[in-house]
Amino acid sequence: MKRSFKQNMIKSGAIVSNGIITNNPVFRLVLGTCPVLAVTTSAVNGLGMGLAATFVLLCSNMLVSALRRVIPDKVRIPAYVLIIATFVTVVQMVLRKFIPSLYDSLGIYLPLIVVNCIILARAEAFASTNPVLDSALDGIGMGLGFTAALMLIGIIREFFGSGSFFFGELAGIKMGWQFSALSDFSMSIFILPAGGFLVFGLLMAAVNALTDYAQKKKDKATQMRKSEIKAKNEIKSEEVAL
Amino acid sequence: MSNKEKTSNMDIQKVKVNDLKMKEQEMKEQELKENAFTEQVQEVKEKESENFDAIDKIDAGMANLKAMAETKNGDEPKRKLSRSTRDILKCIIVLTVIAVFAGALLGTINYLTYVDADAAIISEIASHYSVSSELVRKDESRIISQDGAKSYIEDCFVVLKAVGSVGDGTPSIGNPIDVDAIIYRAVGSGAYSGTVELLVFVSDDVVTDITVYAQEETKGIGSKALAVSHLSQYIGVNLSDVESFVKSNDGTADSDIEFISGATKTSTAVNNALNAVLYAYNNFGGAR
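Taken in order, these protein sequences are the chains called Y and F. The working numbering puts the first residue of the first sequence at 1, with every later residue one more than the last. The working numbering puts the first residue of the second sequence at 243, with every later residue one more than the last.
1. F:Lys507 touches chain Y at which residues, Cβ-Cβ below 8 Å?
2. Which residue wins for smallest C-alpha separation from Y:Phe146, given the options Y:Ile10, Y:Asn23, Y:Val240?
3. Using 7 Å as the limit for Cβ to Cβ distance, is F:Thr327 near chain Y?
4. F:Met243: buried (16+ other C-beta within 10 angstroms of its C-beta) or exposed?
5. Alpha carbon to alpha carbon, what distance is there between F:Ile334 and F:Ser324?
6. If you run the structure through DSSP and keep just helix, strand and coil, what is Y:Asn233?
7. Using a Cβ cut-off of 7 Å (strictly closer), state whether Y:Ser135 contacts chain F.
8. Going along chain F in order, which residues have a C-beta closer than 8 Å to the C-beta of Y:Val75?
9. Taking Y:Phe159 as part of the alpha helix (DSSP H), name the residues at either end of that continuous run.
10. Can the beta-carbon of Y:Ser188 be found less than 7 Å from the beta-carbon of F:Ile463?
11. Short of 7 Å Cβ to Cβ, which residues in the region 63 to 96 of chain Y face chain F?
12. Considering only residues of the region 21 to 83 of chain Y, which uninterrupted alpha helix (DSSP H) runs meet the minimum length of 4 residues and lie entirely inside it, listed in chain order?
13. Which of the three DSSP states is assigned to Y:Ile15 in this structure?
14. So, are the CB atoms of F:Leu481 and F:Leu520 less than 7 Å apart?
15. Are Y:Ile191 and Y:Thr40 closer than 7 Å when you measure CB to CB?
16. Where F:Thr453 and F:Ser435 are concerned, what is the direct C-alpha to C-alpha distance, given to the nearest angstrom?
17. Hey, would you say F:Val449 sits closer than 7 Å to F:Ile424, going by beta carbons?
18. Does the region 24 to 37 of chain Y touch the region 148 to 166 of chain Y, meaning 3 or more C-beta pairs lie closer than 8 Å?
19. In the DSSP assignment, what residue or residues form a beta bridge with F:Arg427?
20. Cα separation between Y:Ile140 and Y:Ser60?
21. In the region 502 to 526 of chain F, which residues sit with their C-beta less than 9 Å from some C-beta in chain Y, listed in chain order?
22. Using a Cβ-Cβ distance under 7 Å, would Y:Ile189 count as near chain F?
23. Using a beta-carbon distance cut-off of less than 7 Å, what residues from the region 442 to 468 of chain F approach chain Y?
24. Listed in chain order, which residues of the region 339 to 352 of chain F have Cβ atoms closer than 7 Å to some Cβ of chain Y?
25. From the beta carbon of Y:Ser162, is the nearest beta carbon of chain F less than 7 Å away?
26. Please work out which residues of its chain come closer than 6 Å, Cβ to Cβ, to F:Leu473, disregarding the five sequence neighbours upstream and downstream, and give them in chain order.
27. Would you say Y:Thr147 reaches chain F, if we count a Cβ-Cβ gap shorter than 7 Å as a contact?
28. Y:Gly13 versus chain F: which residues are under 8 Å apart at the beta carbon?
29. Determine, for F:Met243, whether the minimum Cβ-Cβ distance to residues of chain Y falls below 7 Å.
30. Measuring only between beta-carbons, confirm whether F:Thr437 sits less than 7 Å from chain Y.
31. Considering only DSSP beta bridges, list what F:Lys489 is partnered with.
32. Under 8 Å by Cβ, that's how I've got F:Val438 and F:Thr508 pegged, so tell me the actual separation to the nearest angstrom.
33. In three-state terms, what does DSSP make of F:Thr453?
34. Going by beta-carbon coordinates alone, are Y:Gln92 and Y:Leu120 separated by less than 7 Å?
35. Using the C-alpha atoms, what's the distance from F:Asp298 back to F:Glu288?
36. If you draw a straight line from the C-alpha of F:Asn524 to the C-alpha of F:Ser387, how long is it?
Below, the structure written as structure tokens:
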């Protein structure tokens, strides 16, 4: 049966928001923790890494989904890795040419996107069983969720660790502010791996608490509705009995 | 409206028409209506026959499919032996096709985004001195490093004086008087992660500028030692007057460098790179 336009919109919205909020790859699925901790010493690095991963996710999800009937089950993992590696190398070459500063600061973690669990996991869990458009939306949602998480961690670590906000250069555009008063009293631990773990853990706790709270509220509302309907039905049956 | 109703209507109308005086006109109208009706009926019949044709076609298709399936089933015993080989072949073909496409795509993109490191440095130097990049040359004779030193000169470029400003017209690398500035790409070891690579600009024995070429130091910690405020300690130093740069907290000599606390390793790497430049500059045979 063909879905109506409205239903389509609702479904695609749900797929995208699923990646950003409900199943955020960093805070809820806890995937790709290694690049998350290594790259987020500044918000610009996080943004760049997130966008690179989003591009790879989108492309690989679409291609894996388009080839899902062609790729034999036995060799699906090598095929996925081949596809992902191709797009990662494309991103690497383009960054080296056009944004060398970001290319330098991402270092080893850029080529490591190939084995990023998020991308392989989405190829395996979603793209290999869903149509192309849905897979593309899933890639966008998951990628944006990853980017948002990286940026959030990056902003906090950069602010406390080096006393600046979104300071750096991306694609030749200089942005952000360096607070000279703050940078003299910066807490270097936030830039170091220990601070990364600290911020990551606290943020994960906060995000989980928030989503759990929202879920509980939702459950309560549905329960209330159910009990109301029950009460109404009881009244009706009493009326009938009378 | 069914056929019978229509005819009964017609009958009634005919009676009415007999009663009325405008017989013929009515009759003509009726005839037109009748014609239209018969046409409609024909159309419906045609559509029906079309539908029947379509159903026939579907039936034929199903029969074909069944026949195909049957022949396949019939063929199976013959191919059973090669089934696993066929699977493996399919895997190999799919992977090969993907790999070939990936290779072609990467080749094209690599061609489009090729970065020539030397050309990039030369254009950077040219824009630094605002001269044409033709005057910037690579000079391998000035790449001199201590044997076994971990900090060394990776590359050396010279900026020649403009054509016409020197005695015999065309300037050359070989003639020291023609050289306006020397730029060293120095690699300093002992950094926090890997090495620090600096571009050191020297003209008339004096360090005029230092820029960071490549580094992987921690942002906010090691990067402090790569800031202009730290590197400026080396700028303005006459290289022929200095034996070597040393760490010193309260020195006043040109060779005394104040390291940054918390960034000792990066400061060391920067100092090593500058000492490598010093060695290369002072050990270049002949006139400078």
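The beta-carbon is built from N, C-alpha and C at its ideal position, and this holds for glycine as well. From a predicted model like this one, the values you see are computed outputs, not experimental measurements.
Working from what's here:
1. Chain Y residues near F:Lys507: none, gap ~14 Å exceeds 8 Å.
2. Y:Asn23
3. no
4. Reliability of the predicted coordinates at F:Met243 is poor, the pLDDT of 49 falling under 50, and the value obtained from them is presented with this limitation in mind. Counting Cβ neighbours within 10 Å, F:Met243 comes out exposed, since fewer than 16 surround it.
5. If you take the alpha carbons of F:Ser324 and F:Ile334, they lie about 15 Å apart.
6. Residue state, collapsed to three classes: helix.
7. no
8. Cys333, Val336, Leu337
9. 132 to 162
10. yes
11. Val70, Ile71, Pro72, Lys74, Val75, Pro78, Ala79, Leu82, Ile83, Thr86, Thr89, Val90, Met93, Val94, Arg96
12. 33 to 39, 43 to 66
13. The answer is helix: DSSP assigns Y:Ile15 an H, G or I state.
14. Yes. Within cutoff.
15. no
16. 18 Å
17. The criterion of a C-beta distance shorter than 7 Å is not satisfied by F:Val449 and F:Ile424.
18. Contact between the region 148 to 166 of chain Y and the region 24 to 37 of chain Y is present, because at least three Cβ pairs lie under 8 Å.
19. F:Asp397, F:Leu441
20. 11 Å
21. Gly504
22. Not an interface residue.
23. Ala456, Glu458, Thr460, Lys461, Gly462, Ile463
24. Ile340, Ala341, Ala344, Leu347, Leu348, Ile351, Asn352
25. yes
26. Non-local beta-carbon contacts of F:Leu473 in its own chain, meaning distances under 6 Å to residues more than five positions away in sequence, involve Ile452 in chain order.
27. no
28. Chain F residues near Y:Gly13: none, gap ~32 Å exceeds 8 Å.
29. Interpretation of F:Met243 is limited by its pLDDT of 49, a score under 50 that renders its predicted location unreliable; no figure is taken from the coordinates.
30. no
31. F:Ile499
32. 7 Å
33. Looking at F:Thr453 - three-state DSSP - the assignment turns out to be strand.
34. no
35. Answer to the nearest angstrom: the Cα atoms are 15 Å apart.
36. 11 Å
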